[in-house]
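Report on the following structure.
Chains as they are written, first to last, in my numbering: chain A, 3 to 732; chain B, 163 to 368.
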């Protein structure tokens with residue numbers, strides 16, 4: 003490592019770590035038995051007495067004005083208890099459309115230029131909600147939908163972000179298709195550092211290339227649903243959410259309630275990967291129907307509705323221009339990007355990756371644009387996989403054109419700590435070196451891309467990443483009784499990564515007791531304090547840190563007062579506000595992959611996949627490893643298979659489902675080697691950083707680089723489907 | 163209005179219940195169906211069937227349009243079986259029917275006449291997890307857990323016919339069970355562990 007990499011490292015804590023009493027030990031999930039016996043109750047498994055079932059009517063048109071809507075026949079159908087439309091249920095879904103896409107900023111939701119209602123007129127994409135029905139059974143609800151008569155005036159539509167910003171394009175919103183920024187201005191998101199024009203003048207060579215990426219549906223196994231139940235003015239929602247606290251607050255705001263009037267329960271949740279953050283329109287629709295019908299209402303989405311009515315990763319077009327010296331040093335980087343947001347700006351539309359390089363002159367301008375496709379939003383590392391694919395493909399291409407090993411090119415140009423920008427620790431060099439050695443990078447990559455003889459060609463690709471692992475505020479409560487049983491109250495939901503187990507392990511470690519002595523109460527806003535939510539790679543770090551502080555406080559109480567006896571209990575809580583002392587805190591990783599491309603069919607097979615991650619101290623090696631493997635496989639799917647295709651003539655979506663989107667199956671899965679470089683940087687709970695999102699960032703770039711290395715043609719469009727490979731070779 | 167079970171053909175099923183069950187809500191909502199108000203659910207034909215579920219004999223009246231997963235979840239409250247797609251794409255609803263794994267979303271309940279059905283709730287024996295369930299616990303088989311019941315049922319059926327499958331055989335047998343957490347490696351490792359050759363390593367095949 004160079005000297006610069008040591009800036010910001012505290013040598014006393016920033017050391018390799020050994021397993022502790024509980025943390026660092028392979029630990030089965032605390033709720034594993036419920037998960038393998040069918041006892042785990044997911045939201046759709048809950049039944050309440052007198053419960054009604056609800057269904058949603060959706061637009062068959064990509065863009066249309068509703069001239070009239072007649073619900074009288076549906077209302078007359080025996081068993082129908084409530085029918086709601088834009089005419090009789092005007093509820094704004096605040097988190098559904100936010101200026102600047104900053105989903106957790108409350109004032110912005112009130113000020114947004116383009117409010118999204120639970121039912122909109124005009125409808126702006128196929129699948130936009132038009133009406134909902136609650137009835138005594140599902141069949142009646144579905145029959146009632148067919149009795150609703152909607153008179154549509156079809157409007158011109160636009161599907162692609164770049165086309166949406168052209169002069170004369172059909173308008174998704176009256177004031178234009180460029181999404182407003184955080185300050186409500188119709189401006190792109192721009193970063194401008196140094197002087198790019200001067201940088202290009204200094205360059206020996208300047209390269210330009212356009213890259214594009216597809217819409218990737220989160221496609222979690224559990225389709226969206228919501229069960230709403232009112233008792234007086236108190237609403238209880240059983241909802242699959244990635245953040246019970248945020249879901250409560252957002253639902254309360256949208257319905258004009260106080261937070262304490264809403265209770266969110268989510269004990270088990272069937273995945274989300276970002277599309278179950280906060281509240282969803284399903285929560286508001288179910289609550290509204292339940293209020294009208296005066297009965298509990300279970301609203302269920304079908305798989306196709308989930309595809310069109312929830313969201314996925316935004317499709318992008320990225321235009322890069324990069325200046326380099328002949329020795330491979332960067333002089334200027336420029337990117338103009340377009341993100342297709344669908345008709346509502348649910349999230350940012352960001353395209354990250356350029357700032358992983360150290361370049362004095364760089365400029366990035368991103369135009370998030372409204373289109374008449376389904377809504378785009380957060381998917382596991384929202385801005386990264388497509389952005390890192392674009393910029394790391396660009397750099398890989400330049401490296402080969404200059405005759406430089408892409409790994410050496412990266413080591414020369416990647417961002418490192420500086421005096422102005424210290425890190426809590428920095429381990430990217432080690433990640434790359436370890437991965438390159440394990441993978442045998444030097445012998446696997448083709449120095450001359452496409453040089454294998456014969457129709458089946460092998461190649462190797464590499465990618466790296468750095469990703470946020472900041473600290474922040476959350477809360478936890480710990481209680482101990484006279485039997486020395488500890489109860490931890492945390493407002494987390496285990497969406498898959500194992501948050502309940504992780505929180506229990508952190509508490510057990512800090513309390514100095516076995517995990518079996520700690521019961522974890524989670525997933526219920528009436529029982530648990532605020533937690534940041536299972537999004538943004540925050541739970542382990544932020545709620546985990548609150549658990550440490552609460553446990554510390556309880557230990558102090560025990561030291562001061564002794565263990566409780568009889569019916570006594572001791573309770574401690576904490577809402578810490580940790581900082582990183584002005585240092586950057588990130589996790590790091592490098593992926594290496596070898597592929598085999600059949601140039602006759604265009605198909606790609608992954609032969610070998612090596613991952614190295616530094617995510618601080620690993621709390622539970624068992625679940626952390628599978629976070630990396632699962633995320634990597636999702637990334638391979640993005641690289642090779644997944645996209646939501648639209649028919650340009652009709653505006654109809656074509657690949658709404660697992661089969662059509664060609665999700666990877668058991669048969670597609672390579673062995674994935676996972677190595678963690680473990681470090682305690684002195685921040686976060688026992689030095690833990692983030693893993694769940696970080697793992698998905700690298701596969702699209704690594705796989706695309708490997709395919710390009712195999713066939714000798716740069717793959718500039720994801721997914722790398724067979725037709726694109728054949729097209730590149732033609 | 164009871165009707166004999168075999169009167170219900172696949173074609174009747176598609177025509178009668180297909181709009182609501184097979185194609186799913188969005189499809190029915192998007193199509194302008196011509197069902198009239200008079201054809202309300204009151205006249206839905208139903209049939210008495212006998213079947214065995216997790217070892218318990220059952221006599222039950224089912225609507226002819228019900229799928230097996232609806233019967234299991236709604237009538238028997240066996241909610242461990244999940245509905246992920248309701249159209250034979252994902253495998254979350256897999257149960258064992260007469261020894262074979264089937265998608266219960268794509269079986270009519272009336273077709274289960276005389277059948278022996280095992281769901282995830284029937285795998286443990288007097289509170290003792292099956293070796294496969296225990297392997298899933300020990301090896302992080304579930305992430306979000308929504309596909310887990312289906313994965314367990316397909317793997318259980320496999321192990322009953324092949325007690326020591328290798329990784330390739332496991333992958334072949336389980337290709338119809340999707341996992342969007344993409345916990346595939348851990349699932350295959352758990353099945354290997356539950357089989358008779360737990361030392362078998364997975365091959366790196368894509």
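We put the beta carbon where it would ideally sit given N, CA and C, even for glycine. Quick caveat, the model's predicted, so the values are computed rather than measured.
Around the beta-carbon of residue 133 of chain A, 16 or more other beta-carbon atoms lie within 10 Å, marking it buried.
Between the region 528 to 537 of chain A and the region 240 to 257 of chain A, the count of C-beta pairs closer than 8 Å reaches three or more; the two stretches touch. For residue 312 of chain A, not one C-beta of chain B is nearer than 7 Å to its own C-beta.
Using beta-carbon distances, residue 340 of chain B counts as an interface residue toward chain A, with a partner under 7 Å. In the displayed model, residue 78 of chain A falls within a helix according to three-state DSSP.
Neighbours of residue 286 of chain B in chain A, taken as residues whose beta carbon is under 7 Å from its own, are 39 in chain order.
Boundaries of the beta strand (DSSP E) around residue 263 of chain B: 262 to 265. Taking the Cα positions, residue 166 of chain A is about 11 Å away from residue 158 of chain A. Straight across, the Cα-Cα distance linking residue 629 of chain A with residue 694 of chain A is about 5 Å. Annotated as distal: residue 174 of chain A and residue 115 of chain A, with beta-carbon spacing of 7 Å or more. Chain-order list of chain A residues neighbouring residue 237 of chain B: empty, with the shortest C-beta distance near 12 Å, by a criterion of under 9 Å. Here residue 502 of chain A carries a helix assignment [DSSP, helix/strand/coil]. Annotation: the continuous alpha helix (DSSP H) that includes residue 352 of chain B extends over 346 to 356. Runs of the beta strand (DSSP E) spanning 3 or more residues and lying entirely within the region 512 to 548 of chain A occur at 520 to 523, in chain order.
Following the DSSP letters along the chain, one finds residue 433 of chain A inside the alpha helix (DSSP H) bounded by residues 430 to 441. When Cβ-Cβ separations below 7 Å define contact, residue 331 of chain B makes no contact with chain A.
Straight-line measurement puts the Cα of residue 392 of chain A at about 33 Å from the Cα of residue 350 of chain B.
Contact annotation for residue 674 of chain A against chain B: 347 [CB-CB distance below 7 Å, chain order].
Burial of residue 205 of chain A is indicated by the presence of at least 16 other C-beta atoms within 10 angstroms of its C-beta. Residue 218 of chain B counts as exposed, since fewer than 16 other C-beta atoms from the protein chains shown sit within 10 angstroms of its C-beta. In this chain, the beta strand (DSSP E) harbouring residue 461 of chain A covers 458 to 470. Remark: three or more beta-carbon pairs, one from each stretch, lie closer than 8 Å, so the region 219 to 235 of chain A and the region 279 to 296 of chain A are flagged as touching. Within the same chain, and ignoring the five residues on either side of residue 726 of chain A in sequence, the residues whose Cβ sits closer than 8 Å to its Cβ are 604, 717, 719.
Not flagged as an interface residue toward chain A: residue 266 of chain B, since no C-beta distance is shorter than 7 Å.
For residue 119 of chain A, the nearest beta carbon of chain B is not closer than 7 Å to its own beta carbon.
Per the coordinates, the alpha-carbon of residue 657 of chain A lies some 20 Å from the alpha-carbon of residue 254 of chain B.
For the region 45 to 57 of chain A, the beta-carbon criterion of a distance under 8 Å to any beta-carbon of chain B is satisfied by 46, 47, 49, 57. At least one CB of chain A lies nearer than 7 Å to the CB of residue 251 of chain B. Annotated three-state conformation of residue 39 of chain A is helix, per DSSP.
For residue 266 of chain A, DSSP records a beta bridge to A/239.
The Cβ atoms of residue 481 of chain A and residue 571 of chain A sit closer than 7 Å to each other. In the three-state scheme derived from DSSP, where H, G and I count as helix and E and B as strand, residue 287 of chain B is classed as strand.
In this model, residue 48 of chain A and residue 526 of chain A are separated by some 14 Å (Cα to Cα). Out of A/430, A/135, A/450, the CA that lies nearest to the CA of residue 417 of chain A is found in A/430.
Taking 3 residues as the minimum length, the beta strand (DSSP E) runs contained wholly in the region 169 to 255 of chain A are 191 to 195, 207 to 215, 227 to 233, 236 to 240, in order along the chain. In the structure shown, the three-state DSSP call for residue 218 of chain B is strand.
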